[in-house]
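What follows is a single structure, written as structure tokens, with notes after it.
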Amino acid sequence: MGKNGYLPLFETKPAGGLVFFRSYAASIFIGICFICFHRVSYFPVTERWVWVGMFVAELWFSFYFFITVIVKWNPVFRSTFKDRLSSRFEEEELPGVDIFVCTADPRLEPPTMVVSTVLSVMAYDYPPHKLSVYLSDDGCSDLTFYALLEASRFAQLWLPFCRKLKVEPTSPEAYFQTTPEPVDDVFMANEWLIIKKSYEDMKNRIESITSLGKVPAYRRKEHNGFDEWDFVLSPHHHPSILQILIDGRDPNAIDIEGKALPTLVYLAREKRPQIHHNFKAGALNALIRVSSKVSNAPFILNVDCDMFSNNSKAIRDALCFFLDEGNGHEIAYVQYPQAFDNLTENEIYGSLRVLMKLELAGFDGNGGPCYVGTGCVHRRESLSGMKYSEELAVELKAMKYDKKIIGSASFNEEDCKALASCTYEENTPWGKEKGVKYESLVEDVLTGMSIQSKGWRSVFFNPQREAFLGMGPTTLLDTLVQHKRWGEGELQILLSKHCPFVYGRPNMPLKLQLSYCIYNLWAPNCFATLYYVFVPSFCLFRGISLFPKISSSWGIPYLYVIFVHRVHSLVEYVWLGGTVRGWLNEQRMWMFKRTTSYLFAAIDHMLKLFGFSKSAFAITGKVADDDVHRRYEQEIMEFGTWSPMFTVLATLALFNLLGLIAVVTNNVAIGDARMKIFDVFGFQILLCYVLVFINLPIYQGMFFRKDSGKMPASVTLQSVAFALLASTLTIY
2 MGKNGYLPLF
12 ETKPAGGLVF
22 FRSYAASIFI
32 GICFICFHRV
42 SYFPVTERWV
52 WVGMFVAELW
62 FSFYFFITVI
72 VKWNPVFRST
82 FKDRLSSRFE
92 EEELPGVDIF
102 VCTADPRLEP
112 PTMVVSTVLS
122 VMAYDYPPHK
132 LSVYLSDDGC
142 SDLTFYALLE
152 ASRFAQLWLP
162 FCRKLKVEPT
172 SPEAYFQTTP
182 EPVDDVFMAN
192 EWLIIKKSYE
202 DMKNRIESIT
212 SLGKVPAYRR
222 KEHNGFDEWD
232 FVLSPHHHPS
242 ILQILIDGRD
252 PNAIDIEGKA
262 LPTLVYLARE
272 KRPQIHHNFK
282 AGALNALIRV
292 SSKVSNAPFI
302 LNVDCDMFSN
312 NSKAIRDALC
322 FFLDEGNGHE
332 IAYVQYPQAF
342 DNLTENEIYG
352 SLRVLMKLEL
362 AGFDGNGGPC
372 YVGTGCVHRR
382 ESLSGMKYSE
392 ELAVELKAMK
402 YDKKIIGSAS
412 FNEEDCKALA
422 SCTYEENTPW
432 GKEKGVKYES
442 LVEDVLTGMS
452 IQSKGWRSVF
462 FNPQREAFLG
472 MGPTTLLDTL
482 VQHKRWGEGE
492 LQILLSKHCP
502 FVYGRPNMPL
512 KLQLSYCIYN
522 LWAPNCFATL
532 YYVFVPSFCL
542 FRGISLFPKI
552 SSSWGIPYLY
562 VIFVHRVHSL
572 VEYVWLGGTV
582 RGWLNEQRMW
592 MFKRTTSYLF
602 AAIDHMLKLF
612 GFSKSAFAIT
622 GKVADDDVHR
632 RYEQEIMEFG
642 TWSPMFTVLA
652 TLALFNLLGL
662 IAVVTNNVAI
672 GDARMKIFDV
682 FGFQILLCYV
692 LVFINLPIYQ
702 GMFFRKDSGK
712 MPASVTLQSV
722 AFALLASTLT
732 IY
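Heads up: the sequence shown is residues 2 to 733, going by the numbering used here.
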């Protein structure tokens, strides 16, 4: 029983198996102490700087391990009681929810995908007149507007169909791809086929017009909103466009069963070439302001355009936290994990499995998860910059949610355009103290930290049925570029006034401030990793030993830490639903990202600090040609284009291969002394073998593949030249 005699709407349970994890962490810590003692005690007379470098790299890895232990020390998992929510609140007493969907480029984010996401969130198991869906189109494309217009018509068929069949997922694209035609009920089978044909007809119309690149004149006559594009000079130079395609408070806005439809709004905020538009953060802030005049719902769900709803109860789940009488008033946002619908069985480019399923639960146990930019339900007050206080808590507890905005939403269209103008935010706290923050490439993480620093709590919730499914990158370069942006944004936070140890005081507990470092330190991780990838092979060429002899007892701590740490990582990954091959791919991508994405992130940020470059927001492509998609499904790594990241990867891979070849050749040449060499250089040789194994897809792409996804010849030639030059200089 909760406070005031109410049963709580959610419960919190600690993760199981914490005794084993903490015992493992303690044993690794002891092993690290022995390694440090060895490094200090056996300081070499010659080549001391190489030895010092190894010691510093190992100290860094130890420090980062300490951070990960803090994150995973006390993860918590939550469950909700939606039946109690339903019994406590009538439909009219439930709060309104505004849903923000963001898109930016119809070439990279196809309109058919965007509207399938929009339809999925319109079909939530929630009173439709309480929902308002906003599509922010930062590409200002009439193609996207046309697709949304088509979706507004199809919604009249789709929403009743979802209610009748209790459809999951509510994305028509995902549903018809994964759900077979019903065979037990002839009537339902006929209706299923009718709805499927209606969807395919709509999809074909959208794709046909998208392929043309413009909306034909006869289609433009279908809605007056197309007239707005007469004033659009380019996607980066146009006035605000605001169109309310469905006004949920209009009694005529109904589906084929006579039930109300959710409000549906299209927004393309004003852009001018000389005014910085602040990427996705600017789009979200425009939506916050416009929605406050149109629907002004107390809660806001934001999703990326590729992140469709996979669980129609997700809003009710989130409200179990916000409306809980005991603790709901202090919760600012409920963060769902990101999950992906297009991952291969063994996740060739890795995944966010551990981050989303375990690390965010660890954040929650330490004070609250970070905001990850999508799949998050916010309280409007906290997102608008309000600080948590006892006075505000009293107001929130007493708040009634059955209020209605008087008048028609359409009445506000022209008035709201000014709120989306590119000059509205000048000399205002928007982007600084209000709304989504502008001072980082990872605006989501900074915004969540800002909310927590104002006294609010946040909650991580991972329901049994995943709330959202999106699309992960399908090429290696897309993955590396995405992580470069994330790594650079996290480093921006660490080296700014928003550093969690400064920004988070006094409202964020120290363990939560430390938890943020697991991501803030992504970019600095590159230096220790590069040292460990390059220097041991370099020293093999020169006959310098960096580790204890295999026969020495001092080798035991190294073996223990390496072996047990990796075994724990494997068990953790498989426990979270992954495969053994998936874990191997994760280790490969871990090294690739640290030696390229985070290296370039660190370099770029340093250049920005000295004024040599500016921030740019890279959109990850959601479409791929047939050959690329086929190779992705077959789990064949995609190269195909030149990139300096590929040059770094290939050069390091070749350098380690040459080092291994040199050792093997030397062993064959001297015969009887091979065991002695292995005893002295065993750890370095094993490390070299592991690195060569990890880089097998690189060698295949450079020398053995003939398809268009192979490593470009220019990258291969450059890498061979660099690796040979480095090997020659090493020897001489």
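Cβ coordinates follow ideal geometry from the N, Cα and C atoms, glycine included.
These numbers come from a predicted model, not from an experiment.
- Within the stretch 275-308, the runs of beta strand (DSSP E) that reach at least 3 residues and sit entirely inside it are, in chain order, 300-305.
- For PHE101 against ILE301, the beta-carbon gap comes to about 6 Å, under 8 Å, which counts as contact.
- Under DSSP, CYS377 takes part in a beta bridge, and its partners are ASN303 and GLN336.
- At a Cβ-Cβ threshold of 8 Å, PHE542 and ILE686 do not count as neighbours.
- In the three-state reduction of the DSSP assignment, CYS423 falls in the coil class.
- Only residues of its own chain outside the window of five on either side were considered, and among them ALA724 and SER728 have a CB closer than 7 Å to the CB of LEU659, listed in chain order.
- Cβ-Cβ distances below 8 Å link SER28 to TYR561 and VAL565 in the same chain, with the five nearest sequence neighbours on each side left out; the list follows chain order.
- Around the beta carbon of MET400, fewer than 16 other beta carbons lie within 10 angstroms, which makes this residue exposed.
- Taking 8 Å as the cut-off, the Cβ atoms of GLY449 and ALA282 do not count as close.
- Within the same chain, and ignoring the five residues on either side of ALA602 in sequence, the residues whose Cβ sits closer than 7 Å to its Cβ are LYS485, GLY488, GLU489, LEU492 and ALA524.
- The alpha-carbon separation between GLN514 and MET357 amounts to approximately 18 Å.
- With respect to SER117, ALA284 sits apart: the two C-beta atoms are not nearer than 8 Å.
- Ranking LYS197, ALA156, VAL291 and ALA190 by CA distance to the CA of TYR176 puts LYS197 first.
- In the displayed model, TRP431 falls within a strand according to three-state DSSP.
- GLY710 is a Cβ neighbour of ILE637, given a cutoff of 8 Å.
- Ranked by how close their Cα comes to the Cα of VAL291, the residues VAL575, VAL266, MET703 and PRO474 have VAL266 in first place.
- Note that the C-beta distance between SER546 and ASN508 is not below 8 Å.
- Around the CB of LYS498, fewer than 16 other CB atoms lie within 10 Å, so the residue is classed as exposed.
- Restricting attention to alpha helix (DSSP H) runs no shorter than 4 residues, the stretch 446-530 encloses them at 477-495, 501-504 and 511-521, ordered along the chain.
- Three or more beta-carbon pairs drawn from the stretch 68-84 and the stretch 460-467 are found closer than 8 Å, and the two stretches are therefore classed as touching.
- Burial is judged here by how many other beta carbons sit within 10 angstroms of a residue's own beta carbon; LYS438 has at least 16 and is buried.
- Between TRP61 and ALA529, the gap from beta carbon to beta carbon is short of 8 Å.
- Burial of LEU477 is indicated by the presence of at least 16 other C-beta atoms within 10 angstroms of its C-beta.
- Taking C-beta atoms under 8 Å as the contact rule, PHE30 and ARG40 fail to qualify, at a distance of about 16 Å.
- Runs of the alpha helix (DSSP H) lying entirely within the stretch 166-231, each at least 4 residues long, are 173-179, 187-213 and 218-221 in chain order.
- By a beta-carbon distance limit of 8 Å, GLY473 contacts ASN343. Their separation comes to about 6 Å.
- Boundaries of the alpha helix (DSSP H) around TYR574: 556-576.
- Per DSSP, SER552 is not a residue of any alpha helix (DSSP H), being assigned neither H nor E.
- DSSP assignment within the stretch 86-171 yields the following whole beta strand (DSSP E) runs of 3 residues or more, N-terminal first: 98-104 and 132-138.
- When rounded, the separation of the alpha-carbon atoms in ASP231 and THR264 is 26 Å.
- DSSP lists TYR267 as the beta-bridge partner residues of GLN244.
- A check of alpha carbon separations from PHE322 across PRO645, VAL373, LYS83 and LEU132 identifies LYS83 as the nearest.
- Per DSSP, PHE11 is not a residue of any alpha helix (DSSP H); the beta strand (DSSP E) it occupies stretches across 11-15.
- One Cα belongs to MET114, the other to SER385, and the distance between them is close to 30 Å.
- Per DSSP, reduced to three states, the secondary structure at SER235 is strand.
- Counting only runs that start and end inside the stretch 671-702, the alpha helix (DSSP H) elements of at least 4 residues fall at 675-695 and 697-700.
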